[in-house]
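Participant:
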Amino acid sequence: KLSTEVVDTCVESLQYGSQLVDSRKLIFHILYTLMGVSVYGTRLDGDNEEIRQFEENNEAFRTLAPNGLPSDTAPWLAILYRGTEKKVASLLRDSRDIICRLFAKAEETYISGQSDNFTHAILAAREEAIREEKEDAEYLTRGNLILLVRNTFIGGTDTSAGILQWLFLRMAKEPKIQEKIQKEIEDNIGSNAPVYEDRAKLPYTVACLMETLRCHPISPLGLPHKTSVDTKVGDVRIPKNTGIMFNIYGVNHDPEIWDDPQQFRPERFLDPMTGKLSQDAKQVLTFSTGPRTCPGEKLAHVDMFYVLVRLMQRLSCSAPGEPLGRERG
Numbered sequence: 013k014l015s016t017e018v019v020d021t022c023v024e025s026l027q028y029g030s031q032l033v034d035s036r037k038l039i040f041h042i043l044y045t046l047m048g049v050s051v052y053g054t055r056l057d058g059d060n061e062e063i064r065q066f067e068e069n070n071e072a073f074r075t076l077a078p079n080g081l082p083s084d085t086a087p088w089l090a091i092l093y094r095g096t097e098k099k100v101a102s103l104l105r106d107s108r109d110i111i112c113r114l115f116a117k118a119e120e121t122y123i124s125g126q127s128d129n130f131t132h133a134i135l136a137a138r139e140e141a142i143r144e145e146k147e148d149a150e151y152l153t154r155g156n157l158i159l160l161v162r163n164t165f166i167g168g169t170d171t172s173a174g175i176l177q178w179l180f181l182r183m184a185k186e187p188k189i190q191e192k193i194q195k196e197i198e199d200n201i202g203s204n205a206p207v208y209e210d211r212a213k214l215p216y217t218v219a220c221l222m223e224t225l226r227c228h229p230i231s232p233l234g235l236p237h238k239t240s241v242d243t244k245v246g247d248v249r250i251p252k253n254t255g256i257m258f259n260i261y262g263v264n265h266d267p268e269i270w271d272d273p274q275q276f277r278p279e280r281f282l283d284p285m286t287g288k289l290s291q292d293a294k295q296v297l298t299f300s301t302g303p304r305t306c307p308g309e310k311l312a313h314v315d316m317f318y319v320l321v322r323l324m325q326r327l328s329c330s331a332p333g334e335p336l337g338r339e340r341g
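In the working numbering, the protein residues as written are 13 to 341.
Given below as structure tokens:
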């Protein structure tokens, strides 16, 4: 499996023994490589100029606007942060150009009727929509397809990286969580490369990911939206073109929905009788919901599972200054 190969390569690049590692860079590199193949059919290795530039742009963006821009929630604030706005706009243009080049490369390899990656799949969907004269065919322009693929790539990497970082921090703070995950993995799949079907064998591991998604939504207020028509929610009338923010953090921590919402408790997603993933567990809205849900959600869930399991098979983590657990192969 590609995920196993990528994680193993990154782990083996580290020196033997305990050392400080910037988990953000490690996790982002793994996810960029995986998502590059899934979305574009391109192996975004460390020597790849495009991925190197993309990583540099993202690092610069996080330095300039670690919590996003003030204008994301109040557009008029842009006039007070013109310097930052211009720098961010330049970074976004560079990243857009990289995305366009990756899309063009995937487009060149597309053969009608064959879908080897996500870009090929949406090109095939456009062909079908045009051939069958579907109503939505007019919206499947090349520009819109590039945006869709970009959102899938970025949505799948940024959220996954943030959630994995939070979970590693939690495991460093509470080693028993890490030990329980590693024991579950050892007892059920050993050192075998994880596959998607293993999710059913590793309910606690999956529950830890779900609880991290609940506790630490990467975009606490989601992304800004606006109403396309006049509408009504309860007794409140909302005019067309009204800005809308969705309090994802509030819903994920609502005591009327979740028991002890401030507590990290993966068991809330497990059936108390069987220990398996509960079919009645409440929905986590970190990726939003409905037609405007994050397009990278499914890929993110898959990649987070693969990466977490393989990393836990290969290494242990602890906070700086704390003793590491057992050495792993």
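Each residue gets a CB set at the ideal place from its N, CA and C atoms; glycine is no exception.
Cutting at 8 angstroms between CB atoms, please list the residues of its own chain near D266, excluding the five before and the five after it.
Facilitator: P273
Participant: Counting only beta-carbon atoms, is C112 nearer than 8 angstroms to chain D?
Facilitator: You won't find chain D in this structure, because it holds only one protein chain.
Participant: Candidates L235, R226, F317: which alpha carbon is nearest A293's?
Facilitator: R226
Participant: With a cut-off of 8 angstroms, do at least 3 Cβ pairs link the segment 275-295 to the segment 215-231?
Facilitator: In short, these stretches touch, since the Cβ pair count reaches three.
Participant: Around the Cβ of Q31, are there at least 16 other Cβ atoms within 10 angstroms (buried) or fewer (exposed)?
Facilitator: exposed
Participant: Could I get the ranges of all uninterrupted beta strand (DSSP E) runs contained in the segment 111-172, with 3 residues as the minimum, in chain order?
Facilitator: none
Participant: Could you give the DSSP three-state label for I230: helix, strand or coil?
Facilitator: coil
Participant: Nearest-angstrom Cα distance between R162 and P229?
Facilitator: 20 angstroms
Participant: Tell me the rounded alpha-carbon separation between V23 and N79.
Facilitator: 29 angstroms
Participant: Tell whether a beta-carbon distance below 8 angstroms holds between F299 and E309.
Facilitator: yes
Participant: Decide if the segment 40-57 is in contact with the segment 158-175; the criterion is three or more beta carbon pairs, one per stretch, under 8 angstroms apart.
Facilitator: yes
Participant: Going by alpha carbons, who is nearest to G302 out of K192, A141, F258, S127?
Facilitator: F258
Participant: Buried or exposed, going by whether 16 or more other CB atoms sit within 10 Å of the CB of I111?
Facilitator: With 16 or more other Cβ atoms within 10 Å, it is buried.
Participant: Given A77, which residues of its chain have a CB within under 7 angstroms of its CB, disregarding the five upstream and five downstream residues?
Facilitator: These residues qualify, in order along the chain: T96, V100.
Participant: P278 and Y208 - do their beta-carbons sit closer together than 8 angstroms?
Facilitator: no
Participant: So does the segment 313-331 actually touch the segment 175-195, counting three or more Cβ pairs closer than 8 angstroms?
Facilitator: Yes, they touch.
Participant: Could you please give the first and the last residue of the uninterrupted beta strand (DSSP E) stretch that includes K244?
Facilitator: 243-245
Participant: Could you have a look at V51 and say whether DSSP puts it in helix, strand or coil?
Facilitator: helix
Participant: What residue range is occupied by the uninterrupted alpha helix (DSSP H) comprising R326?
Facilitator: 309-326
Participant: By how many angstroms is the C-alpha of T164 removed from the C-alpha of R113?
Facilitator: 16 angstroms
Participant: To which residues of the same chain is K238 closer than 8 angstroms at the C-beta, ignoring the five residues directly before and after it?
Facilitator: N253, T254, G255, I256
Participant: Exposed or buried, R118, counting other C-beta atoms within 10 Å across all chains shown (16 or more means buried)?
Facilitator: Here residue 118 turns out to be Ala, not Arg, going by the sequence shown. It is buried - the Cβ of A118 has at least 16 other Cβ atoms within 10 Å.
Participant: Suppose you measure from the CA of A136 to the CA of A205; what does that come to, to the nearest Å?
Facilitator: Computed Cα separation, rounded: 31 angstroms.
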